[in-house]
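K.L.:
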Amino acid sequence: MGLIKTLNKGVKLATGDFIARMDADDISHPDRIKILVNEFELDPKLDVISAGFFYFSYDGFVKRQAHPKALQSKSLHFVSFFCTPVNHPCVVVKASVFKANPFDDQYIHSEDYEIFSRLLADGYRFKNYASPLYFLRMNPESVSYRFEKIQISTHTKISARNIENYFNKRFDFFLHKVMINRISFNVSYRLLNEALETLDMLRNDFIKNEKPDASVIAEIDEFLIEQKIDILLQSFKSARFKHKGVILWNIFAHLPLFIHKRGSRYFLSKLPFMNRNLPELPKFKSSVI
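In structure tokens, the structure reads:
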């Protein structure tokens, strides 16, 4: 049947009020379901919730923490123009929402990004729980590794669709790839700066249209700090040797991103020696570990 049709069949057969997702080789926090379902009781208008998570190695050691891109629904709508707004394996969703909005099998290997960005565009209410409630295994045989090229291509199409539907704008292919940090080519100084400026333009247009409160604006700005840091670092990594100096100069020109409280925390979290005081995996019997 394939993954997407299997997901839709599972949703169709489900009889409860909520549907919780999880990948077979990952581990949930023991109280994940209780904590997340309780959020629906606190906010009956909530439709989808996920949480932060930890990455752990195949031999069972926690390596680093991944914080949510944003917490509130309107901020997550902005995030969805560029990347998946929630951690799919950790979601809990109202069953009625999934039953009315099946996964689209045209978007293989990026079906999670497609459905959650579509739901946000349609006005469904989302939330990310700030604390990590999930342990995601770093598996070299995962879909993200085995079908990376297909996933990147599909992800790019979804992002372009989302941006065009909301902003009525289409961007040059390479400019768009830089904006969403799908960079596997040499990025010129001009293109890099154009991408960073375009992110700010979309941010300003979104805020003008939505008129969100200050907390949402703060989350959008923090997301953009992280996105720009990722773009700068990936541009340096992908640059040919003779062009690395130009990108390095651009990184220094954007040093305020790296010394901002959110930016410095995010950058340091990428350094292996900075990931200390991480928890152990939950202690219970498992056929995987």
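The opening residue of the sequence shown carries number 1 in my numbering; numbering runs sequentially from there. Think of the CB as a built atom: it goes at the ideal place given N, C-alpha and C, for glycine as much as any other residue.
Taking 8 angstroms as the threshold, find out whether the stretch 179 to 193 comes into contact with the stretch 152 to 164 through three or more Cβ pairs.
P.N.:
Verdict: yes, contact present.
K.L.:
Using beta-carbon positions only, say whether N87 and F53 come within less than 8 angstroms of one another.
P.N.:
yes
K.L.:
Keeping to the same chain, check which residues put their C-beta closer than 8 angstroms to that of N193; ignore five residues upstream and five downstream.
P.N.:
N250
K.L.:
Figure out for me which residue from L119, Y129, I108 has the closest Cα to the Cα of K149.
P.N.:
I108
K.L.:
To the nearest angstrom, report how far apart E222 and N128 are at their CA atoms.
P.N.:
For E222 and N128, the distance between alpha carbons rounds to 15 angstroms.
K.L.:
Between A95, A14, I35, I4, which lies nearest to Y134 when the distance is taken from Cα to Cα?
P.N.:
When each option's Cα is compared against that of Y134, the closest is I35.
K.L.:
Under the assumption that F116 contacts P85 (Cβ atoms under 8 angstroms), give the Cβ distance between them as a whole number of angstroms.
P.N.:
Contact flag correct, Cβ pair sits at about 6 angstroms.
K.L.:
Residue ranges of each alpha helix (DSSP H) run of no fewer than 4 residues wholly in the stretch 192 to 243, ordered along the chain?
P.N.:
214 to 238
K.L.:
So, helix, strand or coil for A66, using DSSP?
P.N.:
strand
K.L.:
Where L7 and Q151 are concerned, what is the direct C-alpha to C-alpha distance, given to the nearest angstrom?
P.N.:
Looking at the two C-alpha atoms, the distance is approximately 18 angstroms.
K.L.:
Which word fits A253, buried or exposed, when buried means at least 16 other C-beta atoms lie within 10 angstroms of its C-beta?
P.N.:
The residue in question, A253, is exposed, as its Cβ has fewer than 16 Cβ neighbours within 10 Å.
K.L.:
So the candidates are D213, L119, Y166; which of them puts its Cα closest to the Cα of V97?
P.N.:
L119
K.L.:
Tell me whether I259 is buried or exposed, calling it buried when 16 or more other Cβ atoms sit within 10 Å of its Cβ.
P.N.:
exposed
K.L.:
Is it buried or exposed, A239, if we count other Cβ atoms within 10 angstroms and call 16 or more buried?
P.N.:
Burial call: buried.
K.L.:
Can you tell me whether DSSP reads A100 as helix, strand or coil?
P.N.:
When secondary structure is reduced to three states using DSSP, A100 falls in the helix class.
K.L.:
What's the gap between the Cα of K244 and the Cα of F173?
P.N.:
22 angstroms
K.L.:
For Q72, which three-state DSSP category applies?
P.N.:
strand
K.L.:
Following the continuous beta strand (DSSP E) through N168, name the residue where it begins and the one where it ends.
P.N.:
Per DSSP, N168 lies in no beta strand (DSSP E) segment and is marked neither H nor E.
K.L.:
So, with DSSP's three-state summary, where would you put V79?
P.N.:
helix
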